[in-house]
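Peer 1:
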Amino acid sequence: MPDLDPVFERLAAMLREHAEGLVATRDDADQLYLETSQDPAEFFGAVMRKKAQVAYHLMPVYRDPGLLADLSPALRKRMQGKSCFNFTRIDDDLFAELAVLTARCRAAQDAQPAGR
Numbered sequence: 001m002p003d004l005d006p007v008f009e010r011l012a013a014m015l016r017e018h019a020e021g022l023v024a025t026r027d028d029a030d031q032l033y034l035e036t037s038q039d040p041a042e043f044f045g046a047v048m049r050k051k052a053q054v055a056y057h058l059m060p061v062y063r064d065p066g067l068l069a070d071l072s073p074a075l076r077k078r079m080q081g082k083s084c085f086n087f088t089r090i091d092d093d094l095f096a097e098l099a100v101l102t103a104r105c106r107a108a109q110d111a112q113p114a115g116r
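Residue numbering for the sequence shown follows UniProt numbering, beginning at 1 and increasing consecutively.
In structure tokens, the structure reads:
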């Protein structure tokens, strides 16, 4: 069983870098869950420690798949479903690409009209 603590910590730190103006509805050793502060609140992203991996969710890519247009094949391989990326170890190159994608998602979230 891989040690997922460092993976969770790195991914949670990455998501927290984009948390200004968002609301953490859960922030503990197993999960960081961020929503918008608008009414009604919308899910933005989460990091979840699972049994065998750490899941990184970005809801803006579900609403706007165009955000994934230039995703590398290596990061695309880490995708499960439409908005989740799974990791069992730290991968600096993929984490750097995921950080850029997270920033684009945040910019897209900020640009959408309230309540959408």
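Here a beta-carbon is modelled for each residue, glycine too, at the ideal position from N, C-alpha and C.
1. How many Å lie between K51 and D28 at the Cα?
2. If you draw a straight line from the alpha carbon of L22 to that of N86, how long is it in whole angstroms?
3. Skipping 5 residues on each side, what residues in its chain have a beta carbon closer than 7 angstroms to that of M79?
4. What is the residue span of the beta strand (DSSP E) that L71 lies within?
5. Apart from the five residues just before and just after A99, which ones in its own chain have a Cβ nearer than 7 angstroms to its Cβ?
6. Counting C-beta neighbours from all protein chains within 10 Å, is the total for P2 16 or more, i.e. buried, or is it exposed?
7. List the DSSP bridge partners of R78.
8. Measuring straight from C-alpha to C-alpha, what distance separates residue 118 and Q109?
9. Just to confirm the assignment, what range does the alpha helix (DSSP H) spanning D92 have?
10. Just checking my contact of S37 with M59 at CB under 8 angstroms: how many whole Å lie between their CB atoms?
11. Can you list, in chain order, the stretches of the beta strand (DSSP E) that have 3 or more residues and sit fully within the segment 20-45?
Peer 2: From the atom records:
1. 16 angstroms
2. 23 angstroms
3. F85
4. Segment: none, L71 is in no beta strand (DSSP E) and carries neither H nor E.
5. M14
6. exposed
7. According to DSSP, R78 bridges with nothing at all.
8. There is no way to answer for residue 118, as the model of the chain reaches only from 1 to 116.
9. D92 to A111
10. The pair is not a contact, with the Cβ atoms about 15 angstroms apart (cut-off 8 angstroms).
11. 22-27 and 31-36
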